[in-house]
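Asker: Here our numbering is used: the first residue of the sequence shown is 7, the next is one more, and so on. The following block contains the structure, expressed as C-alpha cells.
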Amino acid sequence: MKVCSSSTVMVAFLAAAPACAAADASAGAAVPIAVQQTKPACDESGNCRFQVTPQQLLVKAEQLVREKKYDAAAPLVAALGQVPEMQMQQQFLAGYIAVETGDLKGAIQTFRTMLEQDPGQTRVRLELARAYLLTGKESNADYHFRLAQSDENLPDPIARTIRNTRSILRDQRIWRFSFDFGFAPDTNINGATDAEQIDVNFGPVKIPLQLNDNARERSGVGQTAGFSGGVRLKAAKNLAFLFDADSKIVNYKGKAADDIVTQIAIGPELRVASYSSLSFQAVGQQRWYGGRLATREYGGRIGFQTALSQGQRVGIELDGRRADSKFSNAYSGWQLGGNATYEHLVGKSLIASASLFVRRDLLNTDSFSSVNYGANLGIGGELPYGLNAGVSASISRSVFDAANSFYSDEKRREWRSFARAYIGTRQFKLLGFSPSIDYNFSRVDSNYDLYQMNRHRVNFKMAKFF
C-alpha cells in the first residue's frame, strides 16, 4: 500500500495523506512521472494546442490537489475519467476533492463505489471513514477504520493514529438505533416434532400416543419486525452509563405461534485501559407467545471487551437471571450463562469470529433443568459489487438433570445445531432501507422423540441503521 508522507490534513482526529496516484498497491496504479515539456501545435489564427499523456495529466492534477487548487484540478480529474486505465486514480482524486470542497455525500458515494469494485483498498477505506466522520456518522467511521486497521502494511504512526481515533470515537458515541421489517417463510413455526405419535410410559409398559396438530410442526409465513437501540451517557473521564433496548416480533396467521421478545439493559461502563472496558448492567426481558405473556426474566450481566492489535477483539460476558414462567411453575427458576468471543479481521474487508458458550438452567423441575455448552464459528463482511454477506454455524450439547418419567426412563440428551447465511446490498435503497436475505437452519437431535426437530426459515427484510 502507498501512503503519501507529506501529510497533516485531518478533520477532528485522523491525519489524512494528500491525494496520491496510487490509492493502493492492489489498484495497479501508474507511478507518477515528471511532466515532460511538449512543443505546442499552433494554427494560423494563433491558437495553440498541447498534447499530454494520461500520466502527465495525472501528475498535474495531483500537483494542483496538493496545492489545494481544487477548482483548477477538477476539469483535469474529469478528463482522466475518459482514460479506462486511470479509472481508479480518477475516482480517488474526485472523491478526495469532494471531501475537501464539502461535498461529503458525493465523496461517500464515490469511495463506496470504489470499494464495491475492490473491498481491499485500504487508502480508499480510510478516506471513506474520514468522510463519514465529517458527516457525524461515527459508528460507520469506526467500522471502516477497524477494517483499514487490519492492513499489515500500514506505517506504525498511521496504525497508532487509527487506534487512538477509534478509542475516541467509542468514547464519544452517544446513541445507536436500527430498525427492520420483512416476511419469513418458515417450515416449522412452532418448533415442534414431525412425528405423528410418540411412545409414553404407562405403568410398566409403553403405549403409543397420537399427537394432535398443535403438537406437530406447522409451516407458515410470518411478518417480522425488530429494533435495536442504545444510549451511552458519559459521566466522567473513564465512566459512562449505558441503556440498551431490543425487540423482535414475528406475527403469523392466528395467534398460536406469534412470538414477541423485548429486552432492556441499563448500567455503568468503566474504561479500565485505553482499549478495554468493563460493563455492569441490570437486565429485564419479557416474552409473549401465542398472544399471552409467556415469561418474565430479570437479572444482570457483566461484560468485558478489549481491542488487540490490527483490529482483533476479545469479549467475555457473564449473565445471570431469574425466569418466571406464566405457563407453568415447572419452567421457573434461575438461568446462568457465559460466553467468550474472539474476532479477527481476515483480508481487508471480512471479520471472522469464534466463540465458546455455556448455559445452566436451574428450574423448579429437574427434568427441565439442564446444562448446555457449545461453540460458534462465523465469517462475514464486505464483498465486491456492494454486497454484504456471511455464514455462521454453531453446535451444542444439552444434558438434562433427570428423566421425564412420562416419556422415558433415561435422562434427556440432545445435540443442537444451527446454521445461518445472509446476503444484502447497499446499492439499492428504498426510503433509506436496504434489502437483505437470511437463511436459518436449526436441528435438534434428541433421545426423546417429542423434541426431535428440524426447521428452515428464510427472512426477507428491509433494514435501516441510524
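Cβ atoms here follow ideal geometry from the backbone N, Cα and C, with glycine treated the same way.
Less than 7 Å between C-beta atoms, sequence neighbours within five positions excluded: which residues of the same chain meet that for residue 32?
Answerer: Any reading at residue 32 is ruled out, since the residue's pLDDT is 36, under 50, leaving its predicted position unreliable.
Asker: Tell me whether residue 131 is buried or exposed, calling it buried when 16 or more other Cβ atoms sit within 10 Å of its Cβ.
Answerer: buried
Asker: Name the residue from 429, 454, 450, 433 whose alpha carbon lies nearest to the alpha carbon of residue 443.
Answerer: 429
Asker: Can you give the Cα-Cα distance for residue 93 and residue 398, rounded to whole angstroms?
Answerer: Residue 93 and residue 398 have their C-alpha atoms some 36 Å from each other.
Asker: When we look at the beta-carbon of residue 243 and count the other beta-carbons within 10 Å, is it buried (16 or more) or exposed?
Answerer: It is exposed - the Cβ of residue 243 has fewer than 16 other Cβ atoms within 10 Å.
Asker: Pairs of beta-carbons, one from the segment 214-221 and one from the segment 271-278, closer than 8 Å: are there three or more?
Answerer: no
Asker: Three Cβ pairs or more, each shorter than 8 Å: is that satisfied between the segment 92-110 and the segment 369-376?
Answerer: Segments in contact, no.
Asker: Rounded to the nearest angstrom, how far is the Cβ of residue 396 from that of residue 380, given a contact under 8 Å?
Answerer: Wrong, their Cβ atoms sit about 19 Å apart, outside the cutoff.
Asker: If you run the structure through DSSP and keep just helix, strand and coil, what is residue 133?
Answerer: helix
Asker: Does DSSP classify residue 2 as helix, strand or coil?
Answerer: Because the chain here runs from 7 to 472, residue 2 falls outside it and cannot be looked at.
Asker: Would you please state the rounded distance, in angstroms, between the beta carbons of residue 384 and residue 359? I believe it to be under 8 Å.
Answerer: 5 Å
Asker: Just list the beta strand (DSSP E) runs in the segment 205-288, keeping only unbroken ones of 3 residues or longer that don't cross its boundaries, in chain order.
Answerer: Runs found: 211-216, 226-242, 245-257, 265-279.
Asker: Is residue 287 closer than 8 Å to residue 303 when the C-beta atoms are compared?
Answerer: no
Asker: Rounded to whole angstroms, what's the CA-CA distance from residue 155 to residue 169? Just pull it up for me.
Answerer: 8 Å
Asker: Would you kindly work out how many angstroms separate the C-alpha atoms of residue 35 and residue 91, rounded to a whole number?
Answerer: Confidence at residue 35 is low in this model, with a pLDDT of 36, below 50, so the placement of that residue should be treated as unreliable; the coordinate-derived value is given next. Those two C-alpha atoms are separated by around 8 Å.
Asker: How about residue 329 and residue 301: are their beta carbons less than 8 Å apart?
Answerer: Their beta carbons are under 8 Å apart, which means residue 329 touches residue 301 by this criterion.
Asker: Among the residues of its own chain, which have a CB less than 8 Å from the CB of residue 222, if the five just before and after it don't count?
Answerer: 198, 199, 200, 201, 202
Asker: Which of the three DSSP states is assigned to residue 58 in this structure?
Answerer: Residue 58 carries a coil assignment under DSSP once its states are collapsed to helix, strand and coil.
Asker: Which residue's Cα is closest to the Cα of residue 268: 84, 194, 166, 235?
Answerer: 235
Asker: The beta strand (DSSP E) spanning residue 389 covers which residue range?
Answerer: That run of the beta strand (DSSP E) goes 376-389.
Asker: Here's a check: name, in chain order, each residue in its chain whose Cβ is nearer than 7 Å to the Cβ of residue 39, leaving out the five neighbours to either side.
Answerer: For residue 39, the predicted model reports a pLDDT of 33, less than 50, meaning its position is unreliable and no value from the coordinates is stated.
Asker: Just tell me which of 211, 452, 284, 228 has its CA closest to the CA of residue 463.
Answerer: Per the Cα distances, 228.
Asker: Suppose the cutoff is 7 Å on Cβ atoms and the five residues either side in sequence are ignored; what does the same chain contact list for residue 450 look like?
Answerer: 420, 422, 457, 458, 459
Asker: With H, G and I counted as helix, E and B as strand and the rest as coil, what does DSSP make of residue 415?
Answerer: Of the three classes helix, strand and coil, the one that applies to residue 415 here is coil, per DSSP.
Asker: With DSSP as the reference, identify every bridge partner of residue 401, one or two as the case may be.
Answerer: 381, 423
Asker: Which one or two residues does DSSP pair with residue 460 in a beta bridge?
Answerer: 449, per the DSSP bridge assignment.
Asker: Taking only three categories from DSSP, how would you classify residue 89?
Answerer: coil
Asker: Enumerate in chain order the residues of its own chain whose CB-to-CB distance from residue 89 is below 7 Å, with the five nearest sequence positions on each side excluded.
Answerer: 60
Asker: Just grab the DSSP bridge partners of residue 439 for me.
Answerer: 436
Asker: Over the uninterrupted alpha helix (DSSP H) stretch that includes residue 112, give me the two end residues.
Answerer: 110-123
Asker: Return helix, strand or coil for residue 163, following the three-state DSSP convention.
Answerer: helix
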